[in-house]
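For reference, the structure is listed below as structure tokens.
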Amino acid sequence: MTVAVYLPVKEKIQWWVEMLQGLLPGWTIASIDDIEDVASVKQAVVWRPRPGDLARFPNLEVIVSIGAGIDHVLADPDLPKDVPIIRTAGDDLTQRMREYVALHVLRHHRDMPRQLLAQAEKDWHAIVVPVAPNRIVGVMGLGNLGAASAKTLSDLGFITRGWSKSTKTIEGVETFAGADALDRFLSGCEILVNLLPLTDATKGILNADLFGKLAPGACVINCARGGHLVDDDLLLALEARQIKQATLDVFHQEPLPTDHAFWSHPAITVTPHVASQIDAATGGRLIASNLKEFVETGTCPDMADADRGY
Ligand code: NDP
Ligand code: OXD
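The numbering of the sequence shown is the working numbering, which starts it at 49 and goes up by one.
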């Protein structure tokens, strides 16, 4: 029985192979490209597998996503049907995302970009902003990351809203559920955080229509997937001042191509998909524990649902 490992960064593969080998003594862990006996592979641990990678293994029983999202696995047109997918979640990932969301919401809330511009001009310019309890912020997606981030924003004092598919109760957060509630959720929202999974229903959701429903001059933080955003719509909304600032951690193409307009746009902050990069050692322990439990029982706590897309 072999566990196949793949990540797009070659140097990282060997590191993951050795780490998982240390955590799963007695198992055989190998880089996907070193495996000749394809029939021996029953588990695969992957981040952004190449199309066709997983279809090579006729006896594959489970796929582990090195990450909370599974869109990168589902994107493979040759993905073997009906092979269960485990995602990698956990407290480390949630804590990191709460920190990122708090940092960037506060940065927009206190108008730091404008304050830094004033500093560059040696301009003693006091920017006075409303206090958090007078500011409406909204979090799209109330799963592990969205719910914890919304709670953090509420604890900071913001008027906090959250939007999800099914109804949720989160202390201090006004929740909205389903497509019919989206407009009410967006109305008056001054800072919007996207933490939705990328699915057919959410692809391109950050578009001109949605921007037009936010408070004029709202800020947008996308820390979910690049595919949620219609890039040109954001650029136009920034030009029209419908959107004042954006923080983007994820992109259609990663790394973001050097000639992309986002890099040098004065109203856009680019971070390189680091909002919540799981600590590799912590992630490895979670993956090893999930794999062991799955092999023993046929399930584990972090099972994703491929049909729903997350
Ligand atoms: P979860 O799967 O735990 O939660 C997803 C949430 O989105 C759920 O609340 C779900 O609603 C809601 N949702 C899904 N589809 C819709 C829809 N059509 N309309 C309204 N709500 C919807 O995800 P996580 O919180 O773990 O992660 C969210 C995403 O964050 C990941 O998929 C990934 O893309 C991204 N991510 C980014 C990272 C980064 O570093 N930038 C790091 C980790 C993750 P319901 O609960 O009702 O099903
Ligand atoms: C994830 C990610 O999905 O890192 O975990 O984006």
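Even glycine gets a Cβ: it sits at the ideal position worked out from N, Cα and C.
The structure presented is a predicted model; accordingly, all values stated were derived computationally and were not measured.
(request) Can you say whether Q91 is buried or exposed, counting buried as having 16 or more other CB atoms within 10 angstroms of its CB? (result) Looking at its Cβ environment, which holds 16 or more other Cβ atoms inside 10 Å, Q91 is buried.
(request) Tell whether a beta-carbon distance below 7 Å holds between S197 and V187. (result) Cβ distance < 7 Å, so S197 and V187 count as in contact.
(message) So, with DSSP's three-state summary, where would you put R143?
(response) It is Gln, not Arg, that sits at residue 143 in the sequence shown. Q143 sits in a helix when the DSSP states are folded into three classes.
(message) Just to be sure I understand the criterion: a residue counts if its Cβ is closer than 5 Å to at least one heavy atom of the ligand OXD. Which residues meet that?
(response) Any residue whose Cβ sits closer than 5 Å to a heavy atom of the ligand OXD makes the list: G115, A116 and G117.
(request) Note the first and the last residue of the continuous alpha helix (DSSP H) segment covering R287. (result) According to the sequence as given, residue 287 is Glu; it is not Arg. The continuous alpha helix (DSSP H) containing E287 extends over residues D279 to E287.
(request) Check whether the Cβ atoms of D350 and R144 sit closer than 7 Å, and answer yes or no. (result) Their beta carbons are not under 7 Å apart, which means D350 does not touch R144 by this criterion.
(request) Could you tell me the boundaries of the alpha helix (DSSP H) in which R232 lies? (result) Here the alpha helix (DSSP H) through R232 covers L230 to L234.
(request) Could you check the C-alpha separation between K261 and I239 for me, to the nearest Å? (result) Near 12 Å, if we compare the C-alpha coordinates of I239 and K261.
(message) Taking the straight line between their C-alpha atoms, what separation do you get for S312 and P303?
(response) Roughly 15 Å separates the two Cα atoms.
(request) Decide if W172 is buried, meaning its Cβ has at least 16 other Cβ atoms within 10 Å, or exposed. (result) Counting Cβ neighbours within 10 Å, W172 comes out exposed, since fewer than 16 surround it.
(message) Between the alpha carbons of E84 and L108, how many angstroms are there, rounded?
(response) Each residue's CA atom was taken as its position, placing E84 and L108 some 14 Å apart.
(request) Return the bridge partner residues of L339 from the DSSP annotation. (result) Answer is none; L339 lacks a bridge partner.
(request) Measure the alpha-carbon distance for K216 versus F224 and round it to whole angstroms. (result) Rounded to whole angstroms, K216 to F224 spans 8 Å at the Cα level.
(message) If I measure Cβ to Cβ from L234 and keep anything under 6 Å in the same chain, skipping five residues before and after, which residues do I get?
(response) The residues are K261 and L262.
(request) To the nearest angstrom, report how far apart V343 and L334 are at their CA atoms. (result) Counting only the Cα atoms, L334 lies some 14 Å from V343.
(message) Relative to the C-alpha of L277, which candidate in R289, D257, K292 and P264 has its C-alpha closest?
(response) Measuring from the Cα of L277, the nearest candidate turns out to be D257.
(message) Please report the straight-line C-alpha distance between D327 and E66, rounded to a whole angstrom.
(response) Going from the Cα of D327 to the Cα of E66 covers about 16 Å.
(request) To the nearest angstrom, report how far apart R259 and S337 are at their CA atoms. (result) Residue identity check: residue 259 is Phe in the sequence provided, not Arg. F259 and S337 have their C-alpha atoms some 42 Å from each other.
(request) Take R356 and list the residues in its own chain whose beta-carbon comes closer than 8 Å to its own, dropping the five residues that flank it on each side. (result) Non-local beta-carbon contacts of R356 in its own chain, meaning distances under 8 Å to residues more than five positions away in sequence, involve T247 in chain order.
(message) Given 6 Å as the limit, tell me if N338 has its C-beta closer than that to any heavy atom belonging to the ligand NDP.
(response) N338: no, Cβ never under 6 Å from the ligand NDP.
(request) Taking only heavy atoms of the ligand NDP into account, decide whether any of them is closer than 6 Å to the Cβ of K251. (result) Not under cutoff, so the answer is no.
(request) May I ask you to report which of helix, strand or coil DSSP gives G331? (result) Residue state, collapsed to three classes: helix.
(request) Can you give me the Cβ contacts of L71 inside the same chain, cut-off strictly under 7 Å, excluding the 5 residues immediately before and after it? (result) Correct list, in chain order: G332, R333 and A336.
(message) Could you check if V318 belongs to the surroundings of the ligand NDP, using beta carbon to heavy atom distance under 6 Å?
(response) Outside the cutoff, so no.
(message) Along the chain, where does the beta strand (DSSP E) containing G210 start, and where does it finish?
(response) The continuous beta strand (DSSP E) containing G210 extends over residues I207 to S212.
(request) Going by DSSP, name the residue or residues bridged to S113. (result) Paired residues: V94.
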